[in-house]
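Visitor:
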Amino acid sequence: MGDKSSRKYPDCTPTCFNFLRKIIPLILKNKNTDRLPLEIESNILQRIPAEPLLGLQSVCKRWRDEINNPYFIKSHTGKFNANSMSLILFGYGELQCNLYSLNYHNSTLEFKKLAGHDSNVVGGCCNGLVCFRKFVDHRSTVRFSLHNPITGTIMNNIPHLVVPNYQNYHEELVVFGYDCINDDYKIFYSVQHNNNDDNNNEDNDNNRDTTWLYSLKRNSWKSIKPLPRGYSCGISNNMSSYWLIRKPDYTYHGVSGFDFESEEYHDVIPMPDDDDQGGYILYKLVDLRGCLHLVKYTLECTMDVWVLKKNRSWVKLIHRLSLKQALESDELVPNRFLGSISVIVYCPPLPYAYSEDGSEILIGLGQYIMAFVRYDLRTGELKPVVMSGEPPHDWVRVKNALRGMPWTGSLVSISNSSS
192 MGDKSSRKYP DCTPTCFNFL RKIIPLILKN KNTDRLPLEI ESNILQRIPA EPLLGLQSVC
252 KRWRDEINNP YFIKSHTGKF NANSMSLILF GYGELQCNLY SLNYHNSTLE FKKLAGHDSN
312 VVGGCCNGLV CFRKFVDHRS TVRFSLHNPI TGTIMNNIPH LVVPNYQNYH EELVVFGYDC
372 INDDYKIFYS VQHNNNDDNN NEDNDNNRDT TWLYSLKRNS WKSIKPLPRG YSCGISNNMS
432 SYWLIRKPDY TYHGVSGFDF ESEEYHDVIP MPDDDDQGGY ILYKLVDLRG CLHLVKYTLE
492 CTMDVWVLKK NRSWVKLIHR LSLKQALESD ELVPNRFLGS ISVIVYCPPL PYAYSEDGSE
552 ILIGLGQYIM AFVRYDLRTG ELKPVVMSGE PPHDWVRVKN ALRGMPWTGS LVSISNSSS
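As structure tokens, then:
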């Protein structure tokens, strides 16, 4: 039972098997039977991460059928999303996008290489699936694909999009999300052209900004109302896509979004009250454990973080955290992992995961990640992170090319039918 799966998943499978060996005899003795009720078996399996769970399908037909049950997969994915402690890193190579997973356990980051993909840009993650975007035909056509790094399944038959007036292409927004009401995965894609004359933009179809929505169930795109100008930093959160809105003077107006179920735009959520608005300020959005986080970064290397509550109000989580200590301390971050401060300023640090008890946040130094530190929400202290597993063999050389986003592995299947 354990040999085949243990060889395939050496890191976490022994822990799972040890748990099963201890708990199952106790339950069987208590129930005076030689077989557990299916609901108890299912409850135990629900607590095992996706990767070793995939190997447990070979134990018996009963487990295989339960693990492949769509209701089991949906429940399992929801449980691990709500308590996610992992992220995915992606580095762009010449021929493919290399993927790595990082599991955050206490003070340790467990590094693991995943299967790569031939697309060069990650468009987003949702329920363990990764959306890739790639330009073809000299950027006139956009190709999307979906990939589950745990199961290795890939969907490449998404219809291509032809971008009008691609030579004048200026900015794009890609958000990949899930409509749980209709059990449908969707891609929100918007292209902004480099045209400052709004009147001309209305009169010329080729220069008009365009927005599309893809439905996995229908396996088709449809054109929808374009985004207002000035958007940036799109992410997926709880059946919606969100992005920041900038004013013409490049100050931030608020957070807007698009509901994947109703396929309508949200009202603008105002930026949080903040007295410190001087100097260079950069905002980013992050989704952690189903909650929208707003991150503010300044030239002084300070970071503030707010969390959006259900009543659409902001609650401050981190206040003016100085990251200069992390940039200058050999104890927190070895010098070999650091680039210049200017690189970190323009690619700001971001939170990527909570600890299991929610008392700490894992912070990546630089949007192009150079290193990680832990921030203790109770004491306000920055702490070092220990790396385990096998980082990329050329980590020191390519570290400035690695980007990341919160991600939780799952067994979600990719198909045009209901999952």
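In this text, residue positions in the sequence shown follow our numbering: the first is 192, and each later residue adds one.
Yeah, the Cβ is synthetic: ideal placement off N, Cα and C, and Gly gets one too.
1) Where do the N-terminal and C-terminal ends of the alpha helix (DSSP H) with Thr268 fall, by residue?
2) According to DSSP, is Gly549 part of a helix, a strand, or is it coil?
3) Below 8 Å on the Cβ atoms is my guess for Pro463 versus Trp434; work out the distance and round it to an integer in Å.
4) Measure the C-alpha to C-alpha separation of Arg594 and Leu280 and round it to an integer number of angstroms.
5) Ordered along the chain, which non-local residues of its own chain (more than five positions away) have a Cβ less than 6 Å from that of Gln248?
6) Starting from Arg255, follow the alpha helix (DSSP H) in both directions and report where the run begins and ends.
7) So the alpha helix (DSSP H) Gly246 belongs to, where does it begin and stop?
8) Check whether the Cβ atoms of Pro268 and Ser601 lie closer than 8 Å to each other.
9) Rounded to whole angstroms, what is the Cα-Cα separation between Phe323 and Asp466?
10) Can you name the start and end residues of the beta strand (DSSP E) that Ser513 belongs to?
11) Would you tell me roughly how many angstroms separate the C-alpha atoms of Ala306 and Ile341, rounded to the nearest one?
12) Note the first and the last residue of the continuous alpha helix (DSSP H) segment covering Asn234.
13) In three-state DSSP terms, what is Glu522?
14) In whole angstroms, what is the alpha-carbon distance linking Asp375 and Glu522?
15) Classify Leu245 as buried or exposed, calling it buried when 16 or more other Cβ atoms lie within 10 Å of its own Cβ.
16) Taking only three categories from DSSP, how would you classify Ala544?
17) Take Gly425 as the anchor and find which of Ser414, Arg437 and Ile415 has the nearest alpha-carbon.
18) Identify every residue that forms a DSSP beta bridge with Phe367.
19) Pick out whichever of Thr344, His384 and Leu404 has its Cα sitting closest to the Cα of His351.
20) Helix, strand or coil: how does DSSP classify Ser249 here?
21) On the premise that Asp478 lies in contact with Ser432, defined as a C-beta separation below 8 Å, what is that separation, rounded to the nearest angstrom?
22) Compare the C-alpha of Asn289 against each of Ser277, Glu301, Phe271 and Val312 and name the closest.
23) In the DSSP assignment, find the beta strand (DSSP E) that holds Pro575 and state where it starts and stops.
24) Look at the Cβ atom of Tyr545, then the Cβ atom of Arg480, and state whether they are nearer than 8 Å.
25) What span of residues does the beta strand (DSSP E) with Tyr474 cover, start to end?
26) Which same chain residues, not among the five before or five after Val353, have their C-beta less than 6 Å away from its C-beta?
27) Could you pull the start and end residues of the beta strand (DSSP E) that Met494 belongs to?
28) Quick check: what's the CA-CA separation for Trp598 versus Tyr543?
29) For the candidate residues Ser406, Asp328, Gly282 and Phe326, whose alpha-carbon lies nearest to that of Phe379?
30) Give me the residue from Leu514, Lys487, Cys492 and Ala517 with the minimum Cα distance to Lys507.
Guide: With the given structure in hand:
1) Residue mapping note: residue 268 aligns to position 77 of the sequence shown, counting from 1. Looking at the DSSP string, the run of the alpha helix (DSSP H) that includes Thr268 is Pro261 to Ala273.
2) Position 358 of the sequence shown, counted from the start, is the residue given in the question as residue 549. The answer is coil: DSSP assigns Gly549 none of H, G, I, E or B.
3) Locating residue 463 in the sequence shown gives position 272, counting from the first residue. Locating residue 434 in the sequence shown gives position 243, counting from the first residue. Not really, about 16 Å apart at Cβ, beyond 8 Å.
4) Within the sequence shown, the letter at position 403 stands for residue 594. Within the sequence shown, the letter at position 89 stands for residue 280. Cα to Cα, the separation comes out at about 6 Å.
5) Counting from 1 along the sequence shown, the entry for residue 248 is found at position 57. Excluding residues within five positions, the ones whose Cβ falls inside 6 Å are Arg255 and Ile258.
6) Position 64 of the sequence shown, counting from 1, holds the residue named residue 255. Per DSSP, Arg255 belongs to the alpha helix (DSSP H) from Lys252 to Ile258.
7) One-based indexing of the sequence shown puts residue 246 at position 55. Here the alpha helix (DSSP H) through Gly246 covers Ala241 to Gly246.
8) Locating residue 268 in the sequence shown gives position 77, counting from the first residue. Locating residue 601 in the sequence shown gives position 410, counting from the first residue. Contrary to the premise, residue 268 reads as Thr rather than Pro in this sequence. Yes.
9) The residue you call residue 323 lines up with position 132 of the sequence shown. The residue you call residue 466 lines up with position 275 of the sequence shown. Cα-Cα distance, rounded: 39 Å.
10) One-based indexing of the sequence shown puts residue 513 at position 322. Note, Ser513: beta strand (DSSP E), Trp505 to Ser513.
11) Taking the first residue of the sequence shown as position 1, residue 306 is located at position 115. Taking the first residue of the sequence shown as position 1, residue 341 is located at position 150. Going by the C-alpha atoms only, they are around 8 Å apart.
12) Reading the sequence shown from its first residue, position 43 is the one you call residue 234. Residues Leu229 to Leu236.
13) Sequence index remark: in the sequence shown, residue 522 carries index 331 (1-based). The answer is coil: DSSP assigns Glu522 none of H, G, I, E or B.
14) The residue you call residue 375 lines up with position 184 of the sequence shown. The residue you call residue 522 lines up with position 331 of the sequence shown. Counting only the Cα atoms, Glu522 lies some 47 Å from Asp375.
15) What you label residue 245 is simply residue 54 of the sequence shown in a count that begins at 1. With 16 or more other Cβ atoms within 10 Å, it is buried.
16) Taking the first residue of the sequence shown as 1, we reach residue 544 at position 353. Three-state result, Ala544: strand.
17) Within the sequence shown, the letter at position 234 stands for residue 425. The shortest C-alpha separation from Gly425 is found at Arg437.
18) Working through the sequence shown from its first residue, we reach residue 367 at position 176. For Phe367, which the question treats as bridged, DSSP gives the partners Ile378.
19) Here the question's residue 351 lines up with position 160 in the sequence shown. When only C-alpha atoms are compared, the closest one is Leu404.
20) Walking along the sequence shown from the start, residue 249 turns up at place 58. In the structure shown, Ser249 sits in a helix (DSSP, three-state: H, G or I).
21) Taking the sequence shown and counting its residues from 1, the one referred to as residue 432 is at position 241. Taking the sequence shown and counting its residues from 1, the one referred to as residue 478 is at position 287. Wrong, their Cβ atoms sit about 10 Å apart, outside the cutoff.
22) In the sequence shown, residue 289 corresponds to position 98, counting from 1. When each option's Cα is compared against that of Asn289, the closest is Val312.
23) Indexing the sequence shown from 1 puts residue 575 at position 384. Counting along the chain, the beta strand (DSSP E) containing Pro575 begins and ends at Leu573 to Pro575.
24) Within the sequence shown, the letter at position 354 stands for residue 545. Within the sequence shown, the letter at position 289 stands for residue 480. Going by C-beta atoms, Tyr545 is nearer than 8 Å to Arg480.
25) To locate residue 474, count along the sequence shown from 1; it is residue 283. Counting along the chain, the beta strand (DSSP E) containing Tyr474 begins and ends at Ile472 to Leu479.
26) Within the sequence shown, numbered from 1, the residue matching residue 353 stands at position 162. Excluding residues within five positions, the ones whose Cβ falls inside 6 Å are Thr332.
27) Taking the sequence shown and counting its residues from 1, one reaches residue 494 at position 303. It spans Thr493 to Leu499 - the beta strand (DSSP E) in which Met494 sits, taken as one unbroken run.
28) Here residue 598 corresponds to residue number 407 of the sequence shown, with the count starting at 1. Here residue 543 corresponds to residue number 352 of the sequence shown, with the count starting at 1. For Trp598 and Tyr543, the distance between alpha carbons rounds to 9 Å.
29) As a first step, residue 379 must be located in the sequence shown, where it is residue number 188. Among Ser406, Asp328, Gly282 and Phe326, the Cα nearest to that of Phe379 is on Ser406.
30) Counting from 1 along the sequence shown, the entry for residue 507 is found at position 316. Comparing Cα positions, the closest option is Lys487.
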